[in-house]
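S.K.:
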Amino acid sequence: MRSFLLAVPTFLLASQAAAWGASGHQAVGHVAMQFLAPNALSFVKSSLGSTYSQSLGPAATWADDIKSGGQYGW
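Mind the numbering: the sequence shown is residues -19 to -1, 1 to 55 in mature numbering (1 follows the signal peptide of the UniProt record, and there is no 0), read in order.
(1) Got a sec? Which residues, its chain only, sit under 6 Å from Leu37 by beta carbon, not counting five neighbours each side?
(2) DSSP state of Lys26, grouped into three classes?
(3) What do you reckon, are the CB atoms on Ala3 and Thr32 nearer than 8 Å?
(4) Short of 6 Å in beta carbon distance, which residues of its chain neighbour Pro39, apart from the five on each side in sequence? Order them along the chain.
Shown next, in the form of structure tokens:
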């Protein structure tokens, strides 16, 4: 019984840690931009263009955003 009582809070906390949400995804995107090589950074900025303010931060939530829309239904 004691093991069960210890396991339940552990699993509940683990599920919360896995739930990044939009803010977490954007933070990772912004941090990733800081570690790109100069030519990779230039490529990312030109590829993303003004749609995502030339940043991986806003682009990091793209997959989450489109799954609720009908245009990408499969």
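For every residue, glycine included, the Cβ atom is placed at its ideal position computed from N, Cα and C.
None of the values given here were measured: they were computed from a predicted structure.
M.R.: Reading from the atomic positions:
(1) Gly10, Ala13, Met14
(2) helix
(3) no
(4) Tyr33
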